[in-house]
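Per the numbering used here, residue 10 is the first one in the sequence shown, and the count goes up by one each step. Note that CB positions come from ideal geometry on N, CA and C, so glycine has one too.
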Amino acid sequence: QGQLDDMDEDFISSQPTSLEEIESIVRFWELPQQLNIHSLYQRKLTPGVIVEGWLYKKSTNRLALNSWTRRWFILDRTGVYYLKGSGQNEGKGGNNSKNNVSKDWMERVKVCDILLCTVREINCKIKGNPNVRFCFEIISPNSKSYMLQACGPNDYKMWVAGIRACIEQQLTHGKIPPDNMLMGAGKPTKKFGKNDNVQTESIFFEKDDDDDDTDGGKSGGGSSNRGLFDDYLDDSNSSRTSGIRNPVVSQILRANPVCADCGNRDPDWASLNLGIILCIECSGVHRSLGVHVSKVRSLRLDTMREFEYNLLLSMGNDKVNKIWEAGLHHQKGWTKPSGGASRKAKEEWIKSKYLWKGFLEYRSEDGREHVDRVAKFSSDLFEAARRCDLSAIAEALAKGGSVEWKNKEEGGKTALHICVVNRPAEDSDVDSWKGVECAELLIQNGAKLDADDFDHHKVLDCAVLGNAKREMIEYLSSKAGV
C-alpha cells in the first residue's frame with residue numbers, strides 16, 4: 010500500500026485501461042503474422058486468388074447450436090466463396106463409390122458476384138455489442154446477406170479493402186458479363202479432392218442443400234481458372250438487348266439511349282430511387298454515394314419486380330435531368346462531362362448533382378433556410394402524392410421533401426397514405442394512371458408501409474378503407490408480404 014501511495018499519479022493514469030489500448034501495446038494482433046514469417050512451412054498463394062483465410066460466418070438459423078461457424082473464405086476478381094465439407098452427403102446412395110469418397114471433398118460455395126455486392130462495416134460501439142468486433146456484412150441484391158467476422162483488425166481491413174478494391178476494379182475497367190452468368194436454376198459448385206497428393210476438380214450443378222447451419226444461398230455462377238467474363242469478352246458481336254428477361258427492359262433501354270450523367274451510349278444500369286439509367290462507370294460512382302442517395306441495379310444482371318421496371322420506364326433520364334439540372338445555367342464553370350471524360354470528372358459532377366444538389370433550381374418563394382425548404386417541399390410532396398403526379402413527386406423529393414412528414418390537417422397521414430387512395434377520374438385514361446409507380450417511388454426513397462396516421466391506420470389499412478384500386482391493394486400486399 011505504501012508503494013502505491015508513493016507512485017506518481019500521472020504514471021498510474023497513463024496505464025492502459027481499455028482492451029484496444031492493451032492490444033495495441035502488447036502488439037497482440039501482430040502475433041499470427043510473426044509466427045507465419047518464422048514458420049518453416051510457407052504456404053504459397055493460390056493463383057488468381059486476391060484474399061483468402063479463415064472467417065466466422067453467422068448462421069441465420071435460430072435453432073442452430075453454434076451461431077458462428079468457421080469457414081475458409083476465398084476472394085477472387087469475380088466473387089466471394091467459402092469452402093465447406095461434404096461429410097453430410099456420406100452414406101447417400103449405399104455403396105456407390107462416388108458417394109463414398111464425398112468425405113474427402115470440399116465444396117466451393119459461392120457467396121456473391123463481386124460486381125453486384127457491397128460491403129457494410131459493423132461498428133460494435135454503435136451496436137453496443139462487443140461481440141461484433143471486426144464484423145462486416147456482404148450484401149447482394151440477388152442473394153441473402155452474410156454476416157462475417159474476421160480474426161483481428163488486420164484481417165478485417167484486408168478483407169473489407171480487398172472486396173471494395175475488386176468492386177471498383179470491375180466497375181471501372183470490367184465489362185458486363187453475359188445474362189446467363191447469374192440466376193441459374195442450379196448453383197455451380199467446385200469440389201476439391203485429395204487422393205495420393207493429386208488434386209482433382211469437378212464442376213457440377215446441384216440444388217442448394219446448404220451447410221450444417223442451414224445457410225442457403227440463392228446466387229448462381231461458379232468459378233474456374235477461366236474467368237466468368239471471358240466468354241463475354243470473346244463475343245464482340247453481343248447485342249445490347251440480347252437475352253433480356255423482361256420485355257419492359259428493352260423499352261427502358263430504347264427510351265434511354267445515353268447515360269443520364271455523362272452521355273455514354275448504351276447504358277444498362279439503373280438508379281431505382283432516382284429513376285435514371287446509367288453507364289457502368291457512372292453506376293460505380295453512384296454506388297459509392299450510398300444507398301440513401303442512389304440505389305443501383307443492373308438491368309441485365311438483376312431480376313427486379315414488374316413495378317420497379319414500370320417506375321424506370323415512367324421516369325427516365327429526360328424527365329429526371331429536367332429536375333436535377335434545371336439550375337445548371339446559374340453555376341458558372343460547370344459543364345456536363347462527356348462519355349470520354351475521366352472518372353474524376355464524372356465523380357465530381359455526380360457528387361455535385363445528387364449529393365450536394367448544386368444544380369437544382371429554387372424560386373424565391375421556396376425559402377432560403379433549410380428548415381423552410383423542408384417544410385415547403387414536404388407539403389408539395391403530399392399534394393403531388395394526392396394527385397399521383399410522378400414528376401412533381403420526384404421534384405419535391407429532390408428538393409428536400411420528407412416522406413415521413415405528416416399532414417396534421419389530414420389526420421396525420423403521410424404522402425404514401427394519401428397516394429394509395431388516389432383513383433383515376435372517370436373521364437380520364439386509366440392507362441395514364443401512375444398510382445403504383447408513385448407509391449413505389451415514395452417507398453424507394455424511404456417511405457414506410459408501417460407508418461401510422463393519427464387513427465393508427467397503416468398504409469395498407471388506408472388503402473382498404475379508402476376503397477383504393479385493386480391494383481394498388483395487390484401491390485401493397487406484395488410489398489408487405491401479406
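Based on the DSSP output, what are the partners of Y371 in its beta bridges?
-> For this step, residue 371 is matched to residue 362 along the sequence shown. In the DSSP output, where bridge partners are listed per residue, Y371 has none listed.
Contact set for V169: own chain, Cβ-Cβ below 6 Å, skip 5 residues either direction | Position 160 of the sequence shown, counted from the first residue, corresponds to residue 169. Same-chain partners within the cutoff: V128 and F145.
Contact the stretch 390-410 vs the stretch 346-361: 3+ CB pairs below 8 Å | no
Just the C-alpha distance for D243 and C175, rounded to the nearest angstrom, thanks.
-> Looking up residue 243 in the sequence shown gives position 234. Looking up residue 175 in the sequence shown gives position 166. Confidence at D243 is low in this model, with a pLDDT of 39, below 50, so its placement is unreliable and the value that follows should be read with caution. Their Cα atoms are separated by approximately 22 Å.
Which residues share a DSSP beta bridge with V305?
-> By one-based count along the sequence shown, residue 305 stands at place 296. Per DSSP, S280.
What first and last residue would you give for the alpha helix (DSSP H) that runs through M481?
-> Indexing the sequence shown from 1 puts residue 481 at position 472. Where M481 is concerned, the enclosing alpha helix (DSSP H) stretches over R479 to A489.
Can you tell me whether DSSP reads N416 as helix, strand or coil?
-> Locating residue 416 in the sequence shown gives position 407, counting from the first residue. Residue state, collapsed to three classes: strand.
Hey, how far is the Cα of Y371 from the Cα of G475?
-> Taking the sequence shown and counting its residues from 1, the one referred to as residue 371 is at position 362. Taking the sequence shown and counting its residues from 1, the one referred to as residue 475 is at position 466. Taking the straight line joining both Cα atoms gives about 35 Å.
From D275 to A394, what distance separates their C-alpha atoms?
-> For this step, residue 275 is matched to residue 266 along the sequence shown. For this step, residue 394 is matched to residue 385 along the sequence shown. Approximately 32 Å between the Cα atoms of the pair.
Just reading off the beta strand (DSSP E) that E149 is part of, what are its end residues?
-> Position 140 of the sequence shown, counting from 1, holds the residue named residue 149. Residue identity differs from the one stated: residue 149 is Ser in this sequence, not Glu. That run of the beta strand (DSSP E) goes C144 to S149.
Which term fits A434, buried or exposed, when burial requires 16 or more other beta carbons within 10 angstroms of its beta carbon?
-> Taking the sequence shown and counting its residues from 1, the one referred to as residue 434 is at position 425. Its Cβ having fewer than 16 others within 10 Å, A434 is exposed.
W77 - containing beta strand (DSSP E), residue span | Your numbering for residue 77 matches position 68 in the sequence shown. W77 to D85 is the extent of the beta strand (DSSP E) around W77.
Would you say K408 faces chain B, with C-beta separation under 8 Å as the test?
-> In the structure shown, chain B does not exist; there is a single protein chain.
Take the Cβ of I34 as the centre, count every other Cβ of all protein chains shown within 10 Å, and call the residue buried at 16 or more, exposed below.
-> Here the question's residue 34 lines up with position 25 in the sequence shown. Under this definition I34 is an exposed residue.
If F463 sits next to G420, beta carbons under 8 Å apart, how far is it from one beta carbon to the other, in whole angstroms?
-> The residue given as residue 463 occupies position 454 in the sequence shown. The residue given as residue 420 occupies position 411 in the sequence shown. Correct: roughly 5 Å between the Cβ atoms.
Which value, in whole angstroms, describes the spacing of the CA atoms of Q340 and K362?
-> Position 331 of the sequence shown, counted from the first residue, corresponds to residue 340. Position 353 of the sequence shown, counted from the first residue, corresponds to residue 362. If you take the alpha carbons of Q340 and K362, they lie about 11 Å apart.
Per DSSP, which residues does R296 bridge with? Please list them.
-> The residue given as residue 296 occupies position 287 in the sequence shown. Its beta-bridge partners do not exist; DSSP assigns none.
Indicate the three-state DSSP secondary structure (helix, strand or coil) for E116 in the structure shown.
-> For the purposes of this step, residue 116 is taken as residue 107 along the sequence shown, with counting starting at 1. Strand, per DSSP.
Provide the residue span of the beta strand (DSSP E) that contains L364, from first to last.
-> Residue numbering aside, residue 364 sits at position 355 when the sequence shown is read from its first letter. No beta strand (DSSP E) holds L364; DSSP gives it neither H nor E.
Assigned secondary structure, W63 (DSSP; H/G/I helix, E/B strand, else coil) | For the purposes of this step, residue 63 is taken as residue 54 along the sequence shown, with counting starting at 1. The answer is strand: DSSP assigns W63 an E or B state.
Sheet register partners of L287 (DSSP bridge) | Indexing the sequence shown from 1 puts residue 287 at position 278. Answer is W278.
Can at least three beta-carbon pairs, one atom from the stretch 322-329 and one from the stretch 451-467, be found at a separation below 8 Å?
-> no
Would you identify the three-state DSSP class for D462, choosing helix, strand or coil?
-> As a working mapping, residue 462 is identified with position 453 in the sequence shown. Coil at D462, not helix or strand.
Let me know the secondary structure DSSP gives G501 once reduced to three states.
-> The question about residue 501 has no answer here: the residues shown for the chain are numbered 10 through 491.
CA-CA distance, L399 and S486?
-> To locate residue 399, count along the sequence shown from 1; it is residue 390. To locate residue 486, count along the sequence shown from 1; it is residue 477. Spanning the two alpha carbons is a distance of roughly 21 Å.
Note the first and the last residue of the continuous beta strand (DSSP E) segment covering S347.
-> Position 338 of the sequence shown, counted from the start, is the residue given in the question as residue 347. Neither: S347 is in no beta strand (DSSP E) and is coded neither H nor E.
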